[in-house]
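Chemist:
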Amino acid sequence: MYLLNDALVTSASDLKLASECEFALLRTLDVKLGRAVAVEVEADAMLERAARLGDRHEERIVEALRDEPGSDVVALPRPENARDADELRRLAVQTLEALHSGAGFVYQAVFFDESDPELLFVGFADFLARQPDGRYRVQDSKLARSAKVTALLQLAAYHEQLRRLGVPVDDEVELILGDGRSSIHHIDDIRPVFELRRERLHGIIREHRAEPGAVDWGDARYAADGRCEVCAAEVDAHRDLFLVAGMRATQRAKLRAGGLTTIDDLARAAEQPEGSTVPAATYRALHEQAALQVSAMAAEALAGESSDAATAHAVPAFRMFAPQIIADLPAPDPGDIYFDFEGDPLHQELAADGVTSLWGLDYLFGYIDDAEQFTSYLAHDLAAEAVALRAFLDDVKLRRQANPGMHIYHYASYERTHLASIAARHGVGEADVDELLSAGVLVDLYPVVKRSIRVASRSYSIKKLEPLYMGDELRTQDGVTNAADSVIQYAVSRQAAQLGDLEEAQRILDDIIDYNRYDCVSTRRLRDWLIEVARAEAGVEPGTGGERAPDAERTFRLDPLTPALLARAERRVAVHDADGAAANRLAAAAIDYHRREDKSFWWAHFERLESDAIDWMGTRDVFEVDAALSTVEQDWTEPGPGQRASRRRVRLRGAWAPGSSARPGRVFAIYRPAVYAKAGRDPRHALDHGATIEEIGDDGSVLLAETLPGAAPGAPGGPGADIEPWNALPIALTPGPPPMTEGHRAAIEEWGARVDALGDGWPLDPASDILLRRAPRLRDGAALEPMRDADDGVRAVVASLRRMDDSYLAVQGPPGTGKTYLAAHVIAELVAQGWMIGVVAQSHRVVENVLDGVVRAGCAPAQVGKGIPSSEGAGYYDDHAFTELSGSNPQAAFLARHRDAGRGAVIGGTGWDFVNTKRVGRRELDLLVIDEAGQFSLANTIAVAQAAHRILLLGDPQQLPQVSQGVHPAPIDASALGAISAGHEVLPAEYGYFLAASRRMDAAVTRPVSRLAYAGELRSHPSTARRHLEGAPPGFEAIPLAHTGNATASLEEAQEVLAQVRAHLGLRWTDEDAGRADDPLTESDLIVVAPYNAQVELIHETLAAAGLERVRVGTVDRFQGQEAVVAIVSLAASSPDDAPRGLDFLLSRNRLNVAISRAQWAARLIYSPRLLDHLPWKPDGVAELSRFVRLVRGES
1 MYLLNDALVT SASDLKLASE CEFALLRTLD VKLGRAVAVE VEADAMLERA ARLGDRHEER
61 IVEALRDEPG SDVVALPRPE NARDADELRR LAVQTLEALH SGAGFVYQAV FFDESDPELL
121 FVGFADFLAR QPDGRYRVQD SKLARSAKVT ALLQLAAYHE QLRRLGVPVD DEVELILGDG
181 RSSIHHIDDI RPVFELRRER LHGIIREHRA EPGAVDWGDA RYAADGRCEV CAAEVDAHRD
241 LFLVAGMRAT QRAKLRAGGL TTIDDLARAA EQPEGSTVPA ATYRALHEQA ALQVSAMAAE
301 ALAGESSDAA TAHAVPAFRM FAPQIIADLP APDPGDIYFD FEGDPLHQEL AADGVTSLWG
361 LDYLFGYIDD AEQFTSYLAH DLAAEAVALR AFLDDVKLRR QANPGMHIYH YASYERTHLA
421 SIAARHGVGE ADVDELLSAG VLVDLYPVVK RSIRVASRSY SIKKLEPLYM GDELRTQDGV
481 TNAADSVIQY AVSRQAAQLG DLEEAQRILD DIIDYNRYDC VSTRRLRDWL IEVARAEAGV
541 EPGTGGERAP DAERTFRLDP LTPALLARAE RRVAVHDADG AAANRLAAAA IDYHRREDKS
601 FWWAHFERLE SDAIDWMGTR DVFEVDAALS TVEQDWTEPG PGQRASRRRV RLRGAWAPGS
661 SARPGRVFAI YRPAVYAKAG RDPRHALDHG ATIEEIGDDG SVLLAETLPG AAPGAPGGPG
721 ADIEPWNALP IALTPGPPPM TEGHRAAIEE WGARVDALGD GWPLDPASDI LLRRAPRLRD
781 GAALEPMRDA DDGVRAVVAS LRRMDDSYLA VQGPPGTGKT YLAAHVIAEL VAQGWMIGVV
841 AQSHRVVENV LDGVVRAGCA PAQVGKGIPS SEGAGYYDDH AFTELSGSNP QAAFLARHRD
901 AGRGAVIGGT GWDFVNTKRV GRRELDLLVI DEAGQFSLAN TIAVAQAAHR ILLLGDPQQL
961 PQVSQGVHPA PIDASALGAI SAGHEVLPAE YGYFLAASRR MDAAVTRPVS RLAYAGELRS
1021 HPSTARRHLE GAPPGFEAIP LAHTGNATAS LEEAQEVLAQ VRAHLGLRWT DEDAGRADDP
1081 LTESDLIVVA PYNAQVELIH ETLAAAGLER VRVGTVDRFQ GQEAVVAIVS LAASSPDDAP
1141 RGLDFLLSRN RLNVAISRAQ WAARLIYSPR LLDHLPWKPD GVAELSRFVR LVRGES
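If you read the sequence shown in my numbering, its first letter stands for residue 1, the second for the next number, and so on.
1) What does the alpha-carbon distance come out to for the pair leucine 758 and proline 869?
2) Using a Cβ-Cβ cut-off of 6 Å (strictly less than) and excluding sequence neighbours within five positions of alanine 456, which residues of its own chain qualify?
3) Hey, how far is the Cα of histidine 984 from the Cα of alanine 783?
4) Compare the beta carbon distance of valine 1089 and glycine 1114 with 8 Å and say whether it is the shorter of the two.
5) What does the alpha-carbon distance come out to for the pair leucine 830 and arginine 585?
6) Report buried or exposed for arginine 950, applying the criterion of at least 16 other Cβ atoms within 10 angstroms of its Cβ.
7) For my contact list, glycine 1035 and alanine 1162 are in at a C-beta cut-off of 8 Å; report their separation, rounded to the angstrom.
8) From Phe374, Ala841, Tyr1092, Asp756, pick the residue whose C-alpha is nearest to that of alanine 567; which is it?
9) For the beta strand (DSSP E) that contains proline 735, what are its first and last residues?
10) Using the rule of at least 16 other Cβ atoms within 10 Å of the residue's Cβ for burial, across every protein chain shown, is alanine 582 buried or exposed?
11) Helix, strand or coil for phenylalanine 242? Go by DSSP, reduced to three states.
12) Report yes if the C-beta distance between leucine 565 and valine 650 is below 8 Å; otherwise report no.
13) Going by DSSP, which residues form a beta bridge with proline 1197?
14) Name the DSSP beta bridge partners of lysine 254, please?
15) Would you call threonine 631 buried or exposed, if buried means 16 or more other Cβ atoms sit within 10 Å of its Cβ?
16) Quick check: what's the CA-CA separation for leucine 952 versus isoleucine 453?
17) What is the C-beta distance between glycine 123 and phenylalanine 111, in whole angstroms, given that I count them as a contact (C-beta under 8 Å)?
18) In the DSSP assignment, find the unbroken alpha helix (DSSP H) run with arginine 200 in it and report its ends.
19) What are the partner residues of tyrosine 107, as DSSP defines its beta bridges?
20) Quick check on serine 998: buried or exposed, where buried means 16 or more other Cβ atoms within 10 Å of its Cβ?
21) Roughly how many angstroms lie between the CA atoms of threonine 277 and glycine 180, to the nearest whole one?
22) What residue does the alpha helix (DSSP H) around serine 522 start on, and which one ends it?
23) Indicate the three-state DSSP secondary structure (helix, strand or coil) for aspartate 265 in the structure shown.
24) Mark glycine 471 as exposed unless 16 or more other C-beta atoms lie within 10 angstroms of its C-beta, in which case mark it buried.
25) Compare the C-alpha of asparagine 1046 against each of His968, Pro957, Pro1136, Ser1010 and name the closest.
26) Under the three-state reduction of DSSP, which class applies to arginine 571: helix, strand or coil?
27) I'd like to know whether the C-beta atoms of alanine 1133 and alanine 1127 end up nearer to each other than 8 Å.
28) Determine the burial state of threonine 311: buried for a count of at least 16 other Cβ atoms within 10 Å of its Cβ, exposed for fewer.
29) Starting from the Cα of valine 93, find the closest Cα among Ala669, Gln161, Pro273 and give me that residue.
30) Do you know offhand how far serine 459's Cα is from glycine 258's?
31) Nearest CA to the CA of histidine 57: which residue from Tyr515, Phe127, Gln506?
32) Could you check how far apart the C-beta atoms of glycine 921 and valine 840 are, in whole angstroms? I think they sit under 8 Å.
33) So what's leucine 99 in DSSP terms, helix, strand or just coil?
34) Cα-Cα, which of Glu1072, His1043, Ala945 is closest to serine 1023?
35) On the three-state DSSP scale, how would you describe glycine 180?
36) Inspect the beta-carbon positions of glutamate 342 and isoleucine 531 and report whether they are closer than 8 Å.
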């Protein structure tokens, strides 16, 4: 950005700065305008070096182009003065002349856009490449090994300039990466976000230039990240809340809403003021931290020292408030090591399938031993990462054999989580990592610090703590000094290596290794310092806090089938069979899928127990208890005859974390550490303390039933000794344990053994065909029966299934296309022909809906059965048309009875029913229908597929996705239907049928839904044209509504929902097929969808207060399969920073598709415009946001 006379010249880099910190951008503008003095920032030698390497990368590409026979490269000179308007105009004309001449490549094309006399644009495109059809493709060279979002914005800016100039331009843009690969992107996936960022940039510049004076700190109109060098100066000057260690932007906003704007305000306010909504425990911790920092600042001011105790070599004040925490540290052992990773989260490689992007690389594993001998392992790609991991784990195993009491110390959770995740990603050393975790070998010092000391520092990063204990060895500001520097320098090192400058590459790498070694030394010194302080202040010694037993029952054990199946994959690689190799990797991953899913839950649970509650109290699905408002409704009762546990009920009041899904069921009740200590229990292993949410009150309170084993009279210590510590109330409720999956595992392992027994062959069965993505196999080798039109689905599917040879068939049914109708009629027709059929889905409700449909399609109720859920009693299905099955495993007798009578039958259930051989035998069914197969994982598909000869995958991968917690070495967690579709918005015809006609949505609603999720292939059935709503136009309407500070509930949007409901009630609706003519809309004709339960509750309360409590309100998962004349969608969150699960969740195409497509006539989407003020950090996120922008702006 610079001034040219009175005009401001901008470039693509200004979009980047504005997206990161608008305040910094405007302060930069103030400097240009003479309104402010620039903040002194040292020149970044590393970035300058990277720029030089980038120039060499470009030159190498140009030389390669010129060496190609018949190449036509026009290279424009770089401007001698990039601020000379005449020179820029001359070069821009030369660029246009080269393009009009049909040059094959134009290098360093110059754009100088003066169409807006106040805001000019200048840009230099690396390459414009002529395509065979005569259009030009914008290309940019980047030494990075993955596409960066800022580079995509640059490409979009140059693409826009070509359009402005009338030059034919390709629909795709291209990044030429440092490793020689190309990253190609459709402009429609970038342009909307680019246009948003440009509009915002121009808007704030115009607004600010029209005002006198420099931009004010705290101006709510402009986003400030609070951490950049420009913001840091303002934070200091205004004693902003950002000075408080651990302060998050969302917490700062809530505190400011209560009138607390400075660190001094927070330090003085022992009680949280009205209007501030930070959770109570979090507020206490922030207040205490602020008070310590302010006290230290005051003392330094009196002594005439710097006011910033966390800079330079100043030793910050500290207070050890819980020395007993140090007793829980292991006693020092000669075998102890101190470990640190260096990782790049933006490293990208393609998975073996050539489609899936794998993100992140841990490029350096380093540790020191007790003698401070340093060992490191480097990894420049994911294959090398797996090798480094194996080498590190082998080394640790040898060390543990020599020193069984050794531990691995690290600081913060990165090392723990990444050891687990990369082991799972590669399928390497998983059992070893789990054994280290379960035995407590890894010791994270960060929660030890947070739970035992407070430091008068702005940050608890290890770098900020080092003045406490590093003495004369305190690191300088030269070279690599933090993790961000390490990532940048590593990238530059790899760039230098790619350009052949191996000496420079190694010099930079040596700096990174030195930094890593220092971090390891720092970790060791921190451990020693904590022990010394606890010993000196309280006489506490490490290793005296009670021994922690290993959690053997949670330890991962790799199934021996897994390496055998992986060996098959390697053999397929050797013969260049990529599809076979990918299928074998999936098969291997399936064997341990459920163990990995469980493992992810348990390690997250154990990490919570070992961490400071403040660090996880605000995370999703956690309920923070307010003890002052909670009561014991029924105190502990002694076990009765035949019982082994005491019980009590408590009414807990407090708050769910943003984005939580509050529902009855098993949870964990978490107590303060002192309670576990008093009870003599390790909190990691107090899993027998049962807790169940029995109900959630209208006021949001939780009725919790607790059980406590071992408290019977005569138990060691007596019942009082066991119960007394538990008279306290829990401080939080956290997610309960995952369901048991032994039956699934057994079914998958049986199938895996059959696969392994065939050498390199595959069974001819549905599961194998799905993994191999083979087209459905028909006995005569023919193609699938063609579907003649939208009303021919049942006939075509039945015909194909009857000719099928132990295989599968896929049917993608978008919203309102009659998927359930088709399934019911297909099943009814095949049952009439004597088939035994199963219906399975993730939920009972989905299965019940299909079974009712089967009866309506003409199947006798006695031939359609389902067992009642285990939590329900007899008569549960009295309101359904099918037969209720009760007793112990009644499904087997039901099927046998109809088979013996020569009749077909249908049995419904969840996956647990179809993997249980006491209910349904292996391959007992002729057909298993998997409904909602877009949410049914490949692993679970393999498991239930063992019950049938044929599989019908029915669903839509463009609606709600499969949910997975675990990290897997192959995408076995993908949905079955999603895997078959392989990223296509519409199912390829060779795999089955796409139901292309929606009988629900009017054409004006279908069009935006089709563009959003179905590549424009979905249309409305002609029958929808016979409907009409008087007084309201059909279609989709986006309603922007400004608000601030809302995360999961927005009163402003709730009130707009009420206004929309009132505007539509009473309008006259005609739907001839449903027998309605000129019929006033009632509350049952509307649906309101919101992403968060908090917004659902607020909307329901708002409607109920207006006497409209019968309007259906819920989240998308509740309404999948339902419809209404009008659907109203409320997104609730004010901004990307407010959204607790991020924009990936809030603006998910799948979830928006489900929400909008509930509408028959009209859909209304209420959203905050600030949700668009965001630049995602991954290209996929840019594409997702671009889709949302096109949706709300009505663009095709």
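Beta carbons: idealized from backbone N, C-alpha and C, even for Gly.
Modeler: In brief:
1) As a working mapping, residue 758 is identified with position 758 in the sequence shown. As a working mapping, residue 869 is identified with position 869 in the sequence shown. Looking at the two C-alpha atoms, the distance is approximately 38 Å.
2) Translated into positions along the sequence shown, residue 456 becomes position 456. Here the set comprises Leu292, Gln293, Ala296, Ala309, Pro316, Ala317.
3) Sequence index remark: in the sequence shown, residue 984 carries index 984 (1-based). Sequence index remark: in the sequence shown, residue 783 carries index 783 (1-based). One C-alpha to the other measures close to 21 Å.
4) Within the sequence shown, numbered from 1, the residue matching residue 1089 stands at position 1089. Within the sequence shown, numbered from 1, the residue matching residue 1114 stands at position 1114. Their beta carbons are under 8 Å apart, which means valine 1089 touches glycine 1114 by this criterion.
5) By one-based count along the sequence shown, residue 830 stands at place 830. By one-based count along the sequence shown, residue 585 stands at place 585. Approximately 35 Å, taken between the alpha carbons.
6) Reading the sequence shown from its first residue, position 950 is the one you call residue 950. Buried: at least 16 other Cβ atoms inside 10 Å.
7) Position 1035 of the sequence shown, counting from 1, holds the residue named residue 1035. Position 1162 of the sequence shown, counting from 1, holds the residue named residue 1162. The Cβ separation is near 6 Å, so the contact holds.
8) Locating residue 567 in the sequence shown gives position 567, where the first residue counts as 1. That would be Asp756, whose Cα lies nearest to the Cα of alanine 567.
9) Here residue 735 refers to the residue found at position 735 of the sequence shown. Proline 735 -> beta strand (DSSP E) spans 732-735.
10) Residue mapping note: residue 582 aligns to position 582 of the sequence shown, counting from 1. It counts as buried.
11) The count along the sequence shown starts at 1 and reaches residue 242 at position 242. Helix, per DSSP.
12) One-based indexing of the sequence shown puts residue 565 at position 565. One-based indexing of the sequence shown puts residue 650 at position 650. Contact: no.
13) Because residue 1197 is not part of the residues shown, which for the chain are 1 to 1196, the question remains open.
14) Start at 1 with the first residue of the sequence shown, and residue 254 comes out as number 254. Partner(s): none; lysine 254 has no beta bridge.
15) Numbered from its first residue, the sequence shown carries residue 631 at position 631. Threonine 631 comes out exposed.
16) Stepping through the sequence shown from its first residue, residue 952 is reached at position 952. Stepping through the sequence shown from its first residue, residue 453 is reached at position 453. The straight-line gap from Cα to Cα measures roughly 59 Å.
17) On the sequence shown, position 123 is the one that residue 123 refers to. On the sequence shown, position 111 is the one that residue 111 refers to. Confirmed, about 4 Å.
18) Residue 200 sits at position 200 when you count from the first residue of the sequence shown. It spans 191-209 - the alpha helix (DSSP H) in which arginine 200 sits, taken as one unbroken run.
19) One-based indexing of the sequence shown puts residue 107 at position 107. Answer is Ala75, Phe127.
20) If you number the sequence shown from 1, residue 998 lands on position 998. It counts as buried.
21) The residue labelled residue 277 in the question sits at position 277 within the sequence shown. The residue labelled residue 180 in the question sits at position 180 within the sequence shown. Each residue's alpha carbon lies about 51 Å from the other.
22) Reading the sequence shown from its first residue, position 522 is the one you call residue 522. Its alpha helix (DSSP H) spans residues 502-538.
23) Your numbering for residue 265 matches position 265 in the sequence shown. In the structure shown, aspartate 265 sits in a helix (DSSP, three-state: H, G or I).
24) On the sequence shown, residue 471 is found 471 positions in, with the first residue counted as 1. Under this definition glycine 471 is an exposed residue.
25) Here residue 1046 is taken as the residue at index 1046 of the sequence shown, counted from 1. Per the Cα distances, Pro1136.
26) Translated into positions along the sequence shown, residue 571 becomes position 571. Collapsing the DSSP output to three states places arginine 571 in a helix.
27) Looking up residue 1133 in the sequence shown gives position 1133. Looking up residue 1127 in the sequence shown gives position 1127. No, these two residues do not count as a Cβ contact at 8 Å.
28) Locating residue 311 in the sequence shown gives position 311, where the first residue counts as 1. Low per-residue confidence applies at threonine 311: pLDDT is 49, beneath 50, and the placement is therefore not dependable enough to give any value.
29) Against the sequence shown, residue 93 aligns to sequence position 93. Out of Ala669, Gln161, Pro273, Gln161 has the C-alpha closest to the C-alpha of valine 93.
30) Residue mapping note: residue 459 aligns to position 459 of the sequence shown, counting from 1. Residue mapping note: residue 258 aligns to position 258 of the sequence shown, counting from 1. Cα to Cα, serine 459 sits roughly 24 Å from glycine 258.
31) Here residue 57 is taken as the residue at index 57 of the sequence shown, counted from 1. It is Phe127.
32) Within the sequence shown, numbered from 1, the residue matching residue 921 stands at position 921. Within the sequence shown, numbered from 1, the residue matching residue 840 stands at position 840. 15 Å between Cβ atoms; not a contact.
33) For this step, residue 99 is matched to residue 99 along the sequence shown. It is helical.
34) As a working note, residue 1023 is residue 1023 in the sequence shown. Closest option to serine 1023, Cα to Cα, is Glu1072.
35) Locating residue 180 in the sequence shown gives position 180, counting from the first residue. In this structure, glycine 180 counts as coil in the three-state DSSP scheme.
36) As a first step, residue 342 is located in the sequence shown; it is residue number 342 there, counting from the start. As a first step, residue 531 is located in the sequence shown; it is residue number 531 there, counting from the start. Result no, Cβ atoms of glutamate 342 and isoleucine 531 do not sit closer than 8 Å.
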